[in-house]
Amino acid sequence: MINTSTNMNNSTIIPPSLFFAGNQLTGDGVECTTRTAGELKDVSPDGAAPDAVNRETVVYEVKTFCHI
Numbered sequence: 079m080i081n082t083s084t085n086m087n088n089s090t091i092i093p094p095s096l097f098f099a100g101n102q103l104t105g106d107g108v109e110c111t112t113r114t115a116g117e118l119k120d121v122s123p124d125g126a127a128p129d130a131v132n133r134e135t136v137v138y139e140v141k142t143f144c145h146i
């Protein structure tokens, strides 16, 4: 049986404020993680691949949002 006596008059639903602007995810709670070639040197099987580019070159960037 569904309880229909709940008073919802004072409840507010607040949707997350996330926006895509082009290929960028922005908004409150968006976290950005980047990795440079220098940070990934130990990940490469031979260890030499990241040396082929500047250590400060951004290899990838990930933006995430996890609302709890």
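Residue numbers (our numbering): 79 to 146.
Yeah, the Cβ is synthetic: ideal placement off N, Cα and C, and Gly gets one too.
Check: DSSP state of Gly105, grouped into three classes?
Finding: strand
Next item on the list: Whole angstroms is fine: what's the gap from Thr142's alpha carbon to Cys110's?
Entry: If I take the Cα positions, the gap works out to 7 Å.
Notebook entry, point to check: Can you name, in chain order, every residue of its own chain whose Cβ lies under 6 Å from the Cβ of Asn132, other than the five neighbours on each side?
Noted result: none
Check: Taking Arg113 as the reference, which of Thr90, Ala99 and Thr135 has the closest Cα?
Finding: Thr135
Next item on the list: In angstroms with no decimal places, state the Cα-to-Cα distance between Thr104 and Lys119.
Entry: Whole-angstrom Cα-Cα distance: 30 Å.
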